[in-house]
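Here's the structure we're looking at; comments come further down.
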Amino acid sequence: MMGNNREFFCLSYDLIGDGYFQKLAFVVLIYFSCFAINQVGASIHEYQNQSFFRRSNSFFFHGGSEGLYASKLHVDPDKKPSPEENHLNGKSFIRFESITFRRPKESAEKKNEMQQKTGLVEAIIVEVKDREKIGGSYLHSAAICCTPDLSKEGSCNVGEVIIHQDPNYPYNPQRIQTFFEGKTEETTMVLQTVEINHTGMYYLYFMFCDPELMGTTISGRTVWRNPEGYLPGKMAPLMTYFGLMSLAYLGLGLVWFLWSVQYWKDIIQLQYHITAVIGLGMCEMALWYFEFANFNATGNRPMGITLWAVTFTAVKKTVSRLLLLVVSMGYGVVRPTLGGVIFKVLLLGLTYFVFSEALGLVENLGNIDDLTGKARLFLVLPVSLLDACFIIWIFSALSQTLEKLQIRRSMAKFALYRKFTNSLAISVLLSIAWVGYEVLYFNAADPLSELWQRAWIIPAFWNLLAFVLLVVICSLWAPSNNPTRYAYSEETGDELEEEGISLTSSSVLLAGESANKQLERKERRASNADLFRLGEEVEEDKRE
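The opening position of the sequence shown corresponds to residue 1 in full-length UniProt numbering, with each subsequent residue numbered one higher.
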């Protein structure tokens, strides 16, 4: 019988949506296709004439689900909140505002005008770990609503949702009832606030059991708040994380700037691209921090900041992938330009940006409970395919670049690219391990987000991994007074590097060879002069 309740919750979860290199790309593709849909929270849940869904002998509407921490201040449920109180820290609650139910006209006309209660709609707030307390599992029945037979046992009332109360926790799950009166077609919930006294993942359902109410719709909104603000529990740690990442990018940018100023005369083209990625990363993290801070303070996601944050994220992801690709192709090291392939690179980058931007907008604009699961899936698939294309192309280009450097015996450049390849290989291994952790532990074992307090580490890991990889690239291609050691040069320059000769030692060697050649010329001139004098003396002897 436990499975009946779990199936009920899983149905609600579904309704709200949610070569070596070739094998590696396939693994990444499967991951993104299966788990790239990350739910985002919203603390104000809007309902606009939405319908109820049938389940067993009940009708329900999923009103929201969020991780909430226990309240630190007491909330008076009978006191109407003022605007100032909305910004007090320490309170955790779910507030029902302007919730209106509208039943079909045909259903209303069947009722008696003088009857006070002619239809019941219940709001059920349940912590996910207590999901077994809803429905007839305890009574060995698959029913969710109380039936006449079950009512005879005295465990429930006909027409109400079955809830098994724990004497130790009598208010969980919580039930709030709203009745239609007479022949009225609409009824409105009394504005009230439900205090959250236990930390957990909470689900809100609006339910009714009367089949005559079929076709009823719901409008209004609910406001969810944590003690420290309106950010959902699983998003709250990300605000601090984005703040720290902003400082990390700022520190990296400062070090890179000082390096560039010190060797500004020796900057190569590739280092300008690295500078752009650092700047984009800094802006991206700062925008997400301010977006989360505003969200936490007001309960609404600011459209402007969110749009800019999503755009900077898409641009940074695109530019980062293009940077990895052109570095892997040996741009600026074994080839001065990309030639005709530049058009393919730009086309892949532009396509990736378009789909990545669209996916970001779908994931971050609107409420968590918008039915956008299919839209996300249609956008995740092309982004996954494009990521696979980048991975295959990057490792294929790296293989060709290493082969060229080995043939030319450019040992310095070969060593550089070996370090770069090893760094990418380590990042790939970490990614595969993390994918396994996500899919097998978070996704498969936690369909109802019971591990919500650790959910923030999922996106945090990928941002951190991208930052570490950027730091590695910065250290490998750091500005120096000897940029030509790793920069592109003609074949003669590469031949000098074959012997492991630096720019300074090359100059000394060339100077030494020039001095030897001049000495040889002087000796030849001296020898020729002696022969000339000897010839003149022989001629004089002949004359005498």
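Built from N, CA and C at the ideal position, the CB exists for glycine as well.
None of these values were measured; they are calculated from a predicted model.
DSSP three-state assignment for residue i, whether helix, strand or coil
i: LEU120; result: strand
i: ARG454; result: helix
i: ASN86; result: Here ASN86 scores only 47 on pLDDT, less than 50, and its place in the model should not be relied on; the value that follows carries that caveat. It is helical.
i: GLU544; result: Any reading at GLU544 must be qualified, since the residue scores a pLDDT of 45, below 50, and its modelled position is unreliable; the value itself is stated next. It is coil, neither helix nor strand.
i: LYS344; result: helix
i: GLN400; result: helix
i: LEU503; result: Annotation note: pLDDT 30 at LEU503 (below 50); position unreliable, coordinate value reported separately. It is helical.
i: ARG175; result: strand
i: TRP477; result: coil
i: GLY229; result: strand
i: GLY220; result: strand
i: THR184; result: coil
i: MET114; result: coil
i: ARG131; result: helix
i: PHE61; result: strand
i: ASP210; result: coil
i: ILE392; result: helix
i: VAL380; result: helix
i: VAL471; result: helix
i: LEU386; result: helix
i: SER155; result: coil
Cβ separation of residue i and residue j, assumed to be a contact under 8 angstroms, to the nearest whole Å
i: LYS111; j: GLY67; result: Not really, about 40 angstroms apart at Cβ, beyond 8 angstroms.
i: ARG131; j: THR217; result: Actually they do not touch by this definition, with Cβ atoms about 26 angstroms apart.
i: residue 546; j: SER43; result: With the chain represented from 1 up to 544, any question about residue 546 goes unanswered, as that position is not in the structure.
i: PHE353; j: VAL310; result: Between VAL310 and PHE353 the Cβ distance is about 11 angstroms, and since that is not below 8 angstroms, they are no contact.
i: PHE295; j: TYR230; result: 7 angstroms
i: PHE96; j: ILE196; result: PHE96 to ILE196, Cβ: 14 angstroms. No contact.
i: ILE162; j: PRO173; result: Between PRO173 and ILE162 the Cβ distance is about 11 angstroms, and since that is not below 8 angstroms, they are no contact.
i: THR199; j: ALA70; result: 5 angstroms
i: ILE144; j: ARG55; result: 6 angstroms
i: TYR205; j: PHE61; result: 7 angstroms
i: SER219; j: TYR47; result: 6 angstroms
Boundaries of the alpha helix (DSSP H) in which residue i is found, first to last residue
i: TRP256; result: 236-262
i: PHE290; result: 269-298
i: LEU150; result: 148-152
i: SER107; result: 105-109
Candidates the options, of which the one nearest residue i by Cα
i: LEU347; options: THR318, PHE179, VAL327 and MET303; result: THR318
i: ILE124; options: LYS133, GLU186 and LEU338; result: LYS133
i: GLU284; options: LEU250, ARG301 and ILE407; result: LEU250
i: ALA455; options: THR147, ARG175, MET411 and MET201; result: MET201
i: PHE355; options: ARG335, ASP387, LEU379 and GLY340; result: LEU379
i: ALA478; options: CYS156, LEU150 and TYR272; result: TYR272
i: ARG418; options: LEU398, GLU153 and LYS152; result: LEU398
i: THR187; options: SER98, GLY339 and VAL439; result: SER98
i: residue 547; options: ALA70, ALA466, GLY360 and GLU122; result: As displayed, the chain neither begins before 1 nor continues past 544, which places residue 547 out of reach and without an answer.
i: LYS413; options: LEU402, SER423 and ASN422; result: LEU402
i: PRO382; options: LEU350, GLY279, LEU470 and LYS265; result: LEU350
i: LYS129; options: TRP452, LEU469 and ALA460; result: TRP452
i: SER423; options: TRP393, VAL471, LEU244 and ARG55; result: VAL471
i: LYS91; options: LYS72, GLU212, THR100 and GLY154; result: LYS72
i: ILE407; options: VAL468, VAL334, ALA388 and PHE343; result: VAL334
i: GLU228; options: GLU46, ALA293 and PRO459; result: ALA293
i: residue 545; options: TRP288, PHE53, MET245 and GLU185; result: Outside the shown range of the chain (1 to 544) lies residue 545, about which nothing can therefore be said.
i: THR178; options: ASP166, GLN165, GLU160 and TYR169; result: GLU160
i: ALA276; options: PRO447, LEU323 and LEU464; result: LEU323
i: GLY360; options: CYS146, PHE290, GLN269 and MET303; result: MET303
i: MET329; options: MET239, PHE420, VAL362 and PHE461; result: PHE420
Cross-strand partners of residue i (DSSP beta bridge)
i: LEU68; result: GLY200
i: MET411; result: In DSSP, MET411 forms no bridge with anything.
i: residue 560; result: The chain is shown only over 1 to 544; residue 560 falls outside these bounds and no answer can be derived.
i: TYR47; result: GLY220
i: TYR417; result: According to DSSP, which records beta bridges pairwise, TYR417 is partnered with nothing at all.
i: ASP166; result: TYR169
i: CYS145; result: VAL161
i: TYR441; result: DSSP, once it has assigned bridges, lists no residue as partnering TYR441.
i: residue 546; result: An answer regarding residue 546 cannot be provided, because it is not within the stretch 1 to 544 covered by the chain.
N- and C-terminal bounds of the beta strand (DSSP E) containing residue i
i: ILE99; result: 93-102
i: GLU195; result: 192-195
i: ARG321; result: Taken as a continuous stretch (DSSP letters only), ARG321 belongs to no beta strand (DSSP E), being part of the alpha helix (DSSP H) at 303-328.
i: PHE53; result: 53-55
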